[in-house]
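So the structure is just underneath, and the comments pick up after that.
There are 2 protein chains.
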Amino acid sequence: MSAVLAVDIGGTKLAAALVEPDGRVTAQDRAPTPNAPGVDGEELWRALEALLAKVAAGAGEPPLAGVGVGCGGPMTWPAAEVSPLNIPAWRGFPLRERLRARYPGLPVRIHNDAVCVAIGEHWLGAGRGHDNVLGMVVSTGVGGGLMLGGRLVNGASGNAGHIGHVIVEPGGPPCGCGGRGCLEAVARGPGLVAWAREQGWRPVGADATGVELTEDARRGDPVAGAAMRRAGRALGIAIASATHLCDLEVAAIGGGLSQAGRLLFDPLEEAFGEHARMEFARRLRIVPAELGQTAGLVGAAALVYAQDRYWSAG
Amino acid sequence: MSAVLAVDIGGTKLAAALVEPDGRVTAQDRAPTPNAPGVDGEELWRALEALLAKVAAGAGEPPLAGVGVGCGGPMTWPAAEVSPLNIPAWRGFPLRERLRARYPGLPVRIHNDAVCVAIGEHWLGAGRGHDNVLGMVVSTGVGGGLMLGGRLVNGASGNAGHIGHVIVEPGGPPCGCGGRGCLEAVARGPGLVAWAREQGWRPVGADATGVELTEDARRGDPVAGAAMRRAGRALGIAIASATHLCDLEVAAIGGGLSQAGRLLFDPLEEAFGEHARMEFARRLRIVPAELGQTAGLVGAAALVYAQDRYWSAG
Chain D
81 MSAVLAVDIG GTKLAAALVE PDGRVTAQDR APTPNAPGVD GEELWRALEA
131 LLAKVAAGAG EPPLAGVGVG CGGPMTWPAA EVSPLNIPAW RGFPLRERLR
181 ARYPGLPVRI HNDAVCVAIG EHWLGAGRGH DNVLGMVVST GVGGGLMLGG
231 RLVNGASGNA GHIGHVIVEP GGPPCGCGGR GCLEAVARGP GLVAWAREQG
281 WRPVGADATG VELTEDARRG DPVAGAAMRR AGRALGIAIA SATHLCDLEV
331 AAIGGGLSQA GRLLFDPLEE AFGEHARMEF ARRLRIVPAE LGQTAGLVGA
381 AALVYAQDRY WSAG
Chain H
81 MSAVLAVDIG GTKLAAALVE PDGRVTAQDR APTPNAPGVD GEELWRALEA
131 LLAKVAAGAG EPPLAGVGVG CGGPMTWPAA EVSPLNIPAW RGFPLRERLR
181 ARYPGLPVRI HNDAVCVAIG EHWLGAGRGH DNVLGMVVST GVGGGLMLGG
231 RLVNGASGNA GHIGHVIVEP GGPPCGCGGR GCLEAVARGP GLVAWAREQG
281 WRPVGADATG VELTEDARRG DPVAGAAMRR AGRALGIAIA SATHLCDLEV
331 AAIGGGLSQA GRLLFDPLEE AFGEHARMEF ARRLRIVPAE LGQTAGLVGA
381 AALVYAQDRY WSAG
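If you read the protein sequences in the order shown, they are chains D and H. Heads up, the numbering used here is the position in the first sequence plus 80, with the first residue counted as 1. Heads up, the numbering used here is the position in the second sequence plus 80, with the first residue counted as 1.
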């Protein structure tokens with residue numbers, strides 16, 4: 081059986097694996113993203129190339145079925161000239177063109193990393209078997225992907241699924257996108273940490289993260305708990321808006337912050353319940369994602385294996 | 081050439097027409113909706129039947145191509161057991177079944193009235209030629225319909241397109257849906273009138289409507305102007321959320337309140353511009369609807385004429 085070479089490109093690490101037609105992930109490997117100030121785009125490309133060569137070597141005799149990639153946005157789509165916000169060395173980097181030259185004759189398909197996570201959850205995770213699914217990643221940022229009628233929604237330019245920029249607090253905190261009051265501005269890990277500090281939270285380390293905030297909330301720290309509540313309610317409001325517009329069956333929530341469990345899901349369900357009252361909206365099931373760290377790789381592979389549902393472009 | 085018998089069922093009036101394959105509306109007629117307290121569902125049905133018989137008689141020799149209907153929600157879909165909020169006599173009324181019995185052998189297709197308006201604008205109005213379009217009706221309520229990838233989005237239960245229940249003011253004014261802070265709660269005509277009264281607006285008549293409010297705003301009344309601004313900003317925020325999630329090309333705004341023109345569109349564009357900063361979102365064109373009063377009839381006809389795009393059910 082041949083495999084898909086699946087790739088996940090983030091600001092901290094590059095991950096690659098072989099993914100079998102049944103979604104099984106083998107030969108996974110990773111490398112730090114060369115992302116220090118001054119690193120140039122070609123250096124990053126060479127690091128990626130080396131990682132892919134190493135992982136692809138594990139494929140053995142049968143040829144690869146294709147290359148599927150999730151990469152931080154924004155990017156042009158489907159051409160995938162990528163300019164990931166957290167990888168300054170790549171601005172308009174022709175990732176698809178480079179990979180096509182490196183793997184001639186193979187399908188090479190690239191999409192937003194959060195979209196790939198959502199695809200993974202739809203294909204084989206918390207959303208499988210449902211036609212109308214929102215997959216979300218709540219972490220350093222808040223991203224997502226949208227499946228309607230059983231297929232990935234790309235929108236006009238491949239940018240559909242930006243649930244992190246649904247507005248939950250008009251005139252609220254400034255967002256990295258340039259707007260204000262987006263879900264991401266409120267609920268991203270660093271945003272929560274900053275808010276908690278303003279409210280008097282005093283973490284042990286200087287560079288506290290969402291992980292430490294979650295742990296303190298679990299220990300009963302009232303400010304850390306209030307931060308989780310703030311994030312959960314913002315998520316519930318954004319999901320209510322999304323299902324009113326798109327009439328969803330499942331919202332699957334993954335990413336680091338979703339590890340907070342009930343601390344996040346209780347206020348989420350509370351706010352959702354206050355704002356989503358119509359019968360069709362109340363039927364939405366809001367569940368934790370199931371695939372964990374490999375969701376993005378599995379989804380990237382599905383761009384090749386299940387193109388009828390996840391790849392409408394050329 | 082045969083025609084589609086197109087029907088629009090609202091709380092105030094019943095409208096019907098013959099619609100030609102090119103969208104031309106002929107033989108249009110209307111009747112008041114028997115909607116006094118105590119009217120029963122059968123009486124309303126008989127009034128509808130009489131109107132349809134009268135209009136269909138105008139079809140002449142070639143048989144009808146089908147029956148397309150827009151009706152106030154909620155309803156089950158596609159079975160169309162309808163329970164229009166503003167028609168208490170119909171609760172679970174089997175409208176599709178009745179029309180099928182009345183017009184045997186013809187396709188009978190029913191959808192939400194705001195969805196039909198959006199379809200009309202997509203088929204032949206402000207959204208034509210674009211694949212990713214939100215059509216909106218801002219009037220006594222705020223409704224809409226969503227086209228993605230060139231096709232109507234139905235969602236899990238035919239309820240996609242409820243842009244009126246995207247949340248623009250969490251914890252804001254109570255909404256008819258049971259939630260709070262929905263776009264409809266803020267921007268519907270009666271909501272604006274109530275808000276303006278609270279702020280000291282003193283209309284001439286006791287039963288002032290959005291029309292009078294719009295006229296006063298045009299004459300420079302500051303409170304009436306502030307009400308328009310309030311509605312416009314709420315619309316801009318909801319549309320920003322919608323395009324972040326769905327990556328739209330065109331948002332077409334119709335309904336009575338859209339007649340306010342710049343009084344509504346200026347604050348709308350201002351709020352949209354503040355909240356939609358990413359390049360893909362800024363490309364959205366927000367335009368007035370083009371078809372006016374006939375949009376719903378044209379869209380109802382398109383359920384039959386253009387089923388590849390607008391009718392995915394049986």
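Quick reminder that beta carbons are idealized off the backbone N, C-alpha and C, glycines included.
Next item on the list: Determine, using beta carbons only, whether H:Asn-192 comes closer than 8 Å to chain D.
Entry: no
Next item on the list: Determine, using beta-carbon pairs with one atom in the region 366-385 of chain H and one in the region 82-89 of chain H, whether at least three such pairs fall under 8 Å.
Entry: Yes, the region 366-385 of chain H is in contact with the region 82-89 of chain H.
Next item on the list: For H:Gly-223, write down the residues that DSSP places opposite it in a beta bridge.
Entry: H:Gly-223 pairs with H:Val-217.
Margin query: Using a Cβ-Cβ distance cut-off of 8 Å, determine whether D:Asn-166 contacts chain H.
Written below: no
Checklist line | Status (buried if at least 16 other CB within 10 Å, exposed otherwise) for H:Gly-176 | finding: The question names Gly, yet the displayed sequence has Arg at residue 176 of chain H. Burial call: buried.
Item checked: Where H:Leu-348 meets chain D, residues with beta-carbon distance less than 7 Å -> Those do not exist, as H:Leu-348 stays about 13 Å from chain D at its closest Cβ, beyond 7 Å.
Note to self: Just list the residues that DSSP pairs H:Glu-79 with in beta bridges.
What the structure shows: Past the boundaries of the shown model lies residue 79 of chain H; chain H is included only from 81 to 394, so the question cannot be answered.
Margin query: Please confirm whether H:Asp-287 has its beta-carbon closer than 8 Å to some beta-carbon of chain D.
Written below: no
Next item on the list: Using a Cβ cut-off of 8 Å (strictly closer), state whether D:Ser-321 contacts chain H.
Entry: yes
Margin query: Can you tell me where the beta strand (DSSP E) holding D:Ala-371 begins and where it ends?
Written below: In the sequence as presented, Ala is not what sits at residue 371 of chain D; that position holds Leu. That residue, D:Leu-371, is in no beta strand (DSSP E); it is neither H nor E in DSSP.
Note to self: Within 8 Å of any Cβ in chain A, is that where the Cβ of D:Met-227 sits?
What the structure shows: Considering every chain present, this structure includes no chain A. Its protein chains are D and H.
Notebook entry, point to check: Which residues in the same chain as D:Thr-220 place their Cβ atom closer than 7 Å to its Cβ, once the five residues preceding and following it in sequence are excluded?
Noted result: Arg-268, Gly-269 and Pro-270
Item checked: Check whether D:Pro-154 and D:Ser-163 have beta carbons under 8 Å apart -> yes
Next item on the list: Closer than 6 Å by C-beta to H:Ile-317: which residues in its own chain qualify, once you throw out the five before and the five after it? Chain order, please.
Entry: Val-248, Ala-351 and His-355
Check: Hey, how far is the Cα of D:Thr-374 from the Cα of D:Cys-257?
Finding: 27 Å
Next item on the list: Whole angstroms is fine: what's the gap from H:Pro-254's alpha carbon to H:Ala-369's?
Entry: 28 Å
Margin query: Which complete alpha helix (DSSP H) runs does the region 298-352 of chain H hold, if anything under 4 residues is left out?
Written below: 302-326
Next item on the list: Could you name the residues of chain H that D:Cys-196 contacts, counting a contact when the two beta carbons are closer than 8 Å?
Entry: Chain H residues near D:Cys-196: none, gap ~17 Å exceeds 8 Å.
Next item on the list: Could you run through the region 346-372 of chain H and flag, in chain order, every residue whose CB is less than 7 Å away from some CB of chain D?
Entry: Glu-354, His-355, Ala-356, Arg-357, Met-358 and Phe-360
Check: Which class does H:Asp-193 belong to by DSSP, given the choice of helix, strand or coil?
Finding: DSSP places H:Asp-193 within a helical segment (H, G or I) once states are collapsed to three.
Next item on the list: Determine contact between the region 323-334 of chain H and the region 210-226 of chain H, defined as no fewer than three beta-carbon pairs at a distance below 8 Å.
Entry: yes
Margin query: Just to confirm the assignment, what range does the alpha helix (DSSP H) spanning D:Pro-68 have?
Written below: Any property of residue 68 of chain D remains undetermined from this structure, which presents chain D solely from 81 to 394.
Notebook entry, point to check: Do you know how far the Cα of D:Trp-203 is from the Cα of D:Cys-58?
Noted result: Nothing in the structure corresponds to residue 58 of chain D, since chain D is present only between 81 and 394.
Next item on the list: Note down the Cα distance separating H:Met-216 from D:Asp-109, rounded to an integer number of angstroms.
Entry: 49 Å
Notebook entry, point to check: By Cβ distance, which residues of its chain are closer than 8 Å to H:His-242, with the 5 residues on each side in sequence left out?
Noted result: Gly-223 and Gly-224
Next item on the list: With 9 Å as the C-beta to C-beta threshold (strictly closer), list the residues of the region 240-252 of chain H near chain D in chain order.
Entry: Of all residues in the region 240-252 of chain H, only Ala-240, Gly-241, His-242, Ile-243, Gly-244, His-245, Val-246, Ile-247, Val-248, Glu-249, Pro-250 and Gly-251 come within less than 9 Å of chain D when Cβ atoms are compared, listed by chain position.
Checklist line | Neighbour flag for D:Asp-327 against chain H, beta carbons, 8 Å | finding: yes
Checklist line | Residue nearest to H:Gly-244 in terms of C-alpha spacing, selected from D:Gly-172, D:Lys-93 and D:Ala-320 | finding: D:Ala-320
Next item on the list: Starting from the beta carbon of H:Arg-260, find every residue of chain D whose beta carbon is closer than 8 Å, and list them in chain order.
Entry: Glu-354 and His-355
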